[in-house]
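Peer 1: Here the sequence shown stands for residues -4 to 179, where the numbers follow this note's numbering.
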Amino acid sequence: MAFDATYDACVLHPAGLRDLLVRLATTGMFRAHWSADILDEMVRSILRRRPDLTEGQLARTRQLMCDAVPDCLTTGYEELIDGLHLPDPDDRHVLAAAIRSGSQVIVTENLSDFPAPVLQTYNIEAQTPDVFLLHLVDLSPRAVFGVLEAQASALRNPPMSIDELLDHLAQSGLPRSIAALRAQ
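(1) Can you tell me which of V132, L129 and D86 puts its alpha carbon nearest to the alpha carbon of P110?
(2) Reducing DSSP to helix, strand and coil, say where Q179 ends up.
(3) I think S172 touches L12, with their Cβ atoms under 8 Å apart; what is that distance to the nearest whole Å?
(4) Which residue comes first and which comes last in the beta strand (DSSP E) that contains F(-2)?
(5) Under three-state DSSP, which class holds L53?
(6) Spatial neighbours of V17 within its chain, please: CB distance less than 7 Å, with the 5 preceding and 5 following residues excluded, ordered by chain position.
(7) Looking at the structure shown, is V139 part of a helix, part of a strand, or coil, going by DSSP?
(8) Can you grab the Cα-Cα spacing for the pair H8 / A31, in whole Å?
(9) Rank D47, L114, P153 and T56 by C-alpha distance to the C-alpha of T1 and give the top, closest one.
(10) For the structure I just gave you, are there three or more beta carbon pairs, one from the stretch 153 to 162 and one from the stretch 115 to 130, closer than 8 Å?
(11) Taking the straight line between their C-alpha atoms, what separation do you get for G97 and V142?
(12) I'd like to check one pair, L19 with L131: are the Cβ atoms closer than 8 Å?
(13) Which whole-angstrom value is the C-beta distance of V100 and I76, which I expect to be below 8 Å?
(14) Between Q58, G23 and G71, which has its C-alpha nearest S135's C-alpha?
(15) With DSSP as the reference, please indicate the residues paired to F25 in a beta bridge.
(16) Take V89 and list the residues in its own chain whose beta-carbon comes closer than 7 Å to its own, dropping the five residues that flank it on each side.
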């Protein structure tokens, strides 16, 4: 039975990781969710770090993400935000979206912003992308490796072999899960 996961904006910022997470969401192993607020935060973050990109380019990225993953966009969570308490109040919208979507997992790099005692109230766990991917590798290494092969073959600028992509992702914060895939 598939589970639900909400992606925080910080894991959607790096292009390679975003591509991988969106591709994984199409496998049927889980249902991925995000909200307009999460996408807005992703766009602001990317534009701060990548002034060479435009809002129009990122609007296209947003649309492609939503087109690729059916029913990914969580709505109707806004009324939950004020009643939530997190160390960073600006992250309440992520938890609210996770609650509304029925997610069991929030995929984030900012574990300290989502304390386990708060999340346990809602039967949600925060996981880094590396831990999340490691769990998916445990579920279906063949499916995850197939997604990575497709991602590598789609890369054009610059092109990458599967080994180069794995090296890149391992250096980008996925060392344990990439090591587990290589050990298969």
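No residue lacks a Cβ here, since even glycine has one placed at the ideal position from N, Cα and C.
Peer 2: According to the structure shown:
(1) D86
(2) coil
(3) So it is not a contact: roughly 11 Å between Cβ atoms.
(4) F(-2) to Y2
(5) helix
(6) If we look at V17 and ignore the five residues flanking it on each side, its Cβ neighbours are M60, A63 and V64.
(7) helix
(8) 14 Å
(9) L114
(10) no
(11) 25 Å
(12) Going by C-beta atoms, L131 is nearer than 8 Å to L19.
(13) About 20 Å; that fails the 8 Å criterion.
(14) Ranked by Cα distance from S135, the first of Q58, G23 and G71 is G23.
(15) F(-2)
(16) T1, D3, I33 and I101
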